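Chains as they are written, first to last, in UniProt numbering: chain B, 1 to 529; chain C, 1 to 195. Just so you know, even glycine gets a beta-carbon here, dropped at the ideal spot from N, CA and C. As the structure is a computational prediction, the values presented were derived from the model and not from experiment.
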Amino acid sequence: IKAYQNRTPERLMENTQDGNLGDWFKITVPYGIKYDKTWLMNSIQSHCSVPFTPVDFHYVKHLAQFFVQDASAASALKDINYKIFDEENQKIPIFVNTSAVPYSMCNKLEPEKMEQLKLTISKRYDVSQKALDLHKLRFDPDLLGHDIIIILNRRNCMTAILQTIKKNIPELLSLNLCKNKLCQLDGLSDIIQIAPTIKTLNLSKNELKSARELDKIKGLKLEELWLQGNPLCNTFPNQPTYVSAIRKYFPNLSRLDGQDLPPPTVTGIVDMDIIKPCKESFKGPETLKNLIFQFLLHYYLIYDSEDRESLLSAYHEEACFSLTVPYNSEDPALSNLCEYLKDNRNMKNLKDSDLRFQLLKHTKCEIVNSLCVFPKTQHDLNSYVVDLWAHTEIMLCFSVSGVFKEVIEVERKSQGSVRAFTRTFILSSGSNSSMCIVNDILTVGNARTEETQSAFSIPVPTPTFSSLSTLSQEQQEMVQIFSIQSGISLQWSQKCLQDNEWNYIKAAQVFATFKTQGKIPEEAFKQIS
Amino acid sequence: EILPGENGRRKNSVCLAGFTIFLNIWSSYSRGNRTREEVVTPPLPQQSVSGSPMAMPVDFKTYVDQACRAAEEFVNIYYETMDKRRRALTRLYLDKATLIWNGNVVTGLDALTNFFEVLPSSEFQVNMLDCQPVHEQATQAQTTVLVVTSGTVKFDGNRQHFFNQNFLLTAQTTPHNTVWKIASDCFRFQDWATT
Numbered sequence: 001i002k003a004y005q006n007r008t009p010e011r012l013m014e015n016t017q018d019g020n021l022g023d024w025f026k027i028t029v030p031y032g033i034k035y036d037k038t039w040l041m042n043s044i045q046s047h048c049s050v051p052f053t054p055v056d057f058h059y060v061k062h063l064a065q066f067f068v069q070d071a072s073a074a075s076a077l078k079d080i081n082y083k084i085f086d087e088e089n090q091k092i093p094i095f096v097n098t099s100a101v102p103y104s105m106c107n108k109l110e111p112e113k114m115e116q117l118k119l120t121i122s123k124r125y126d127v128s129q130k131a132l133d134l135h136k137l138r139f140d141p142d143l144l145g146h147d148i149i150i151i152l153n154r155r156n157c158m159t160a161i162l163q164t165i166k167k168n169i170p171e172l173l174s175l176n177l178c179k180n181k182l183c184q185l186d187g188l189s190d191i192i193q194i195a196p197t198i199k200t201l202n203l204s205k206n207e208l209k210s211a212r213e214l215d216k217i218k219g220l221k222l223e224e225l226w227l228q229g230n231p232l233c234n235t236f237p238n239q240p241t242y243v244s245a246i247r248k249y250f251p252n253l254s255r256l257d258g259q260d261l262p263p264p265t266v267t268g269i270v271d272m273d274i275i276k277p278c279k280e281s282f283k284g285p286e287t288l289k290n291l292i293f294q295f296l297l298h299y300y301l302i303y304d305s306e307d308r309e310s311l312l313s314a315y316h317e318e319a320c321f322s323l324t325v326p327y328n329s330e331d332p333a334l335s336n337l338c339e340y341l342k343d344n345r346n347m348k349n350l351k352d353s354d355l356r357f358q359l360l361k362h363t364k365c366e367i368v369n370s371l372c373v374f375p376k377t378q379h380d381l382n383s384y385v386v387d388l389w390a391h392t393e394i395m396l397c398f399s400v401s402g403v404f405k406e407v408i409e410v411e412r413k414s415q416g417s418v419r420a421f422t423r424t425f426i427l428s429s430g431s432n433s434s435m436c437i438v439n440d441i442l443t444v445g446n447a448r449t450e451e452t453q454s455a456f457s458i459p460v461p462t463p464t465f466s467s468l469s470t471l472s473q474e475q476q477e478m479v480q481i482f483s484i485q486s487g488i489s490l491q492w493s494q495k496c497l498q499d500n501e502w503n504y505i506k507a508a509q510v511f512a513t514f515k516t517q518g519k520i521p522e523e524a525f526k527q528i529s
Numbered sequence: 001e002i003l004p005g006e007n008g009r010r011k012n013s014v015c016l017a018g019f020t021i022f023l024n025i026w027s028s029y030s031r032g033n034r035t036r037e038e039v040v041t042p043p044l045p046q047q048s049v050s051g052s053p054m055a056m057p058v059d060f061k062t063y064v065d066q067a068c069r070a071a072e073e074f075v076n077i078y079y080e081t082m083d084k085r086r087r088a089l090t091r092l093y094l095d096k097a098t099l100i101w102n103g104n105v106v107t108g109l110d111a112l113t114n115f116f117e118v119l120p121s122s123e124f125q126v127n128m129l130d131c132q133p134v135h136e137q138a139t140q141a142q143t144t145v146l147v148v149t150s151g152t153v154k155f156d157g158n159r160q161h162f163f164n165q166n167f168l169l170t171a172q173t174t175p176h177n178t179v180w181k182i183a184s185d186c187f188r189f190q191d192w193a194t195t
């Protein structure tokens, strides 16, 4: 354990001559590694009464360190020891000691060499692309001709390059450091302040052994990075882990090693709230989407009506239907699902194969009879999330999740619990090429409070002009949904549907055609809150 | 060292008997292990020989039983493989299988392999299972089972999600057994249920 003593810089100054380049001070922040470099330096700069230029900021284990040359700055820094609070309200210690000349200040290139370096760099700079190509700089003929040895792995050389960039081309967009035998990126850490606009960086074919080197430059907002040909690439078991590790340093990265990167990683998706309304979750051709939409519309219109028997025509002669309620049926919270529990075919709990067979409703009559027994419902089509997950020429398989309300008429007001459901349908086209349901699996559970509140939040349209009152329930619902899908107002939706004989698909196609032709007037588009 | 003479012969046969027993135990153990990466059920009586004019139509209950058996076996293997042996998961899928994961489409074994590598480590708990044999009109007589599951999952030890998952399993019959593979898979978080 090193003990940091604050030796007074003033006392030390007595021992040195005036104006001596040797008066360097090392500033140490214990556990500085936990702070973001920019935040730390800005905090220190703003608290320090004397402005200073930090040199060679770097981390050694958990310490953050940098150098200053100015004795008065060093003294002022000593004064702010334990004066700055971090985000957790802890005081930040700042220790000041004398020091030898920092590494990068050693062997500073002489002015003539810097001049030549500047010329070389301007030759290697493409103004139109704002790209600087420093690959294999060691062997640049100009530099060699002038006996200038630029080994970028050495701090003094890298500093010289950065200084030149800072003075002449701070607007740099792309930097190529390929084949320079770089084994660490400490020297590059200042690049974030010097050329913050860099979007493309090529570090390929160097000697970087660990991806942690990228920590030193992670303030850069890189969009394209090259790392191949470094030992660090072999430390990853496979491409996806490599990609996601690199992405952690540069979240905006869209190209790595010359390859376009796929859209955001799965971990992003896992955290996302993915409950989307019906219209956004389809995968598949537009015609199938419309087909499924129309199917769901019609199916649930009938299901929600008094007359579920009409569903007979939707099912195949030998269709199958089964219902499950998730979780243990002895759970007391499920007792209010009793209407469904008696048909519950959850195979996790039900082991008897005869019972399993009985609870599977086979033939359309059996199915519709069971459906008629279930409580009357009102489905909220706007809550639907639909996945079309398998289809062939003769088969469509899709799942719907959403909410519905059980309708119990009490004194002419409808009350009832809100349930959440998931239903998978398999439709098949028979010999007469009309589609019917061959398999139907339903899961019913209680909805969450949030779901209950947001369900049915879009009110059924109240008549605003006389003709609307003559619309049937089915037509009213069609208008409502058409309006949401197209973005035009209810009145215009109704007009469009009426003009197309209440054929939803046709109306939608007509609307789409008019829209592309720009024939829909502005006032038709109404904001739906 | 086998000693000559009667004593030696007895020792020999005891050794041999012991070894045979060992072999039987080992082979049934390894056979059990081998099938843990494949979903296998015994063949249906008339399914093993296709096109036989004397084949009796299979009773519907038999189809249902077969579907249930395949579904249960499948669900056990699938989620265990997903949690503990993720690299072997793609063996349960057909070459051209499609997965829709929270709306994201992943098609083909290569894409599936990449996907399952990037997917964080999982801890599944299945609370619900149901299945139906899919009507042959939809599948052109390719035996298919629809399986639905739901339960909870944690990815990388983060918060728990409720999920729903649907599978279409297709049968590949051989004379000795039926191997089931996933043709389509649809997975969604479903955080609607109350606990």
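Burial state of residue i (16 or more Cβ within 10 Å)
i: residue 536(B); result: Lying before the first or after the last residue shown, residue 536(B) is absent from chain B, which here runs from 1 to 529.
i: H62(B); result: exposed
i: Y79(C); result: buried
i: E280(B); result: Below a pLDDT of 50, predicted positions are generally treated as unreliable, and E280(B), at 37, falls in that range; no measurement from the model is reported.
i: W39(B); result: exposed
i: P237(B); result: exposed
i: E112(B); result: exposed
i: S184(C); result: buried
i: H58(B); result: buried
i: E213(B); result: buried
i: S122(B); result: exposed
i: Q137(C); result: buried
Residues that residue i contacts on chain B, provided the C-beta gap is smaller than 9 Å
i: L146(C); result: C320, C397, T424, I426, N439, I441
Start and end residues, alpha helix (DSSP H) containing residue i
i: I148(B); result: Neither: I148(B) is in no alpha helix (DSSP H) and is coded neither H nor E.
i: I80(B); result: No alpha helix (DSSP H) contains I80(B), which DSSP labels as neither H nor E.
i: F74(C); result: 60 to 84
i: L173(B); result: Where L173(B) is concerned, there is no enclosing alpha helix (DSSP H), given that its DSSP letter is neither H nor E.
Residue i: contacting residues in chain C (beta-carbon distance under 8 Å)
i: K348(B); result: V126, N127, M128, L129
i: I394(B); result: Q137, A138, Q140
i: H316(B); result: H135, Q137
i: S493(B); result: Those within 8 Å of S493(B) in chain C number zero; the least Cβ separation is about 27 Å.
Terminal residues of the beta strand (DSSP E) in which residue i lies
i: W389(B); result: 385 to 392
i: E123(C); result: 122 to 133
i: E224(B); result: 224 to 226
i: C186(C); result: 178 to 189
i: W39(B); result: Taken as a continuous stretch (DSSP letters only), W39(B) belongs to no beta strand (DSSP E), being part of the alpha helix (DSSP H) at 37 to 47.
i: T516(B); result: Element bounds for T516(B): not the beta strand (DSSP E) but the alpha helix (DSSP H), 504 to 516.
Contact belief for residue i with residue j at Cβ below 8 Å, rounded distance in angstroms
i: S428(B); j: M395(B); result: 5 Å
i: K83(B); j: H47(B); result: 6 Å
i: T159(B); j: K118(B); result: That belief does not hold up - the Cβ atoms of T159(B) and K118(B) are roughly 14 Å apart, past 8 Å.
i: S254(B); j: Q228(B); result: In fact, because the Cβ distance is near 17 Å, the residues do not count as touching under 8 Å.
i: residue 537(B); j: M128(C); result: No answer is possible for residue 537(B): the residues shown for chain B start at 1 and end at 529.
i: K209(B); j: L232(B); result: 6 Å
i: I198(B); j: L220(B); result: 6 Å
i: N166(C); j: V148(C); result: 5 Å
Reference residue i, options the options, closest by Cα
i: D56(B); options: T98(B), Q45(B), K26(B); result: K26(B)
i: I92(B); options: S122(B), K34(B), I149(B); result: K34(B)
i: I192(B); options: S417(B), D352(B), M41(B); result: M41(B)
i: A211(B); options: I194(B), A195(B), E393(B), D186(B); result: D186(B)
i: R356(B); options: E309(B), V368(B), F321(B), S383(B); result: F321(B)
i: E115(B); options: E88(B), I148(B), Y103(B); result: I148(B)
i: T113(C); options: H161(C), Q165(C), H176(C), D95(C); result: D95(C)
i: F116(C); options: W101(C), E38(C), V126(C); result: W101(C)
i: F60(C); options: V134(C), V39(C), L119(C); result: V134(C)
i: A314(B); options: E393(B), L296(B), P326(B); result: L296(B)
Residue i: contacting residues in chain C (beta-carbon distance under 9 Å)
i: H362(B); result: F60, V64
i: S401(B); result: N164, R188, Q190, W192
i: F374(B); result: Chain C residues near F374(B): none, gap ~17 Å exceeds 9 Å.
Partner residues on chain C for residue i, Cβ-Cβ distance less than 7 Å
i: R345(B); result: D130
i: G430(B); result: Q137
i: T324(B); result: M128, D130
i: S353(B); result: D65, C68
Chain-ordered chain B contacts of residue i [CB-CB under 7 Å]
i: I182(C); result: Per Cβ cutoff of 7 Å: no residues; I182(C) is ~11 Å from chain B at best.
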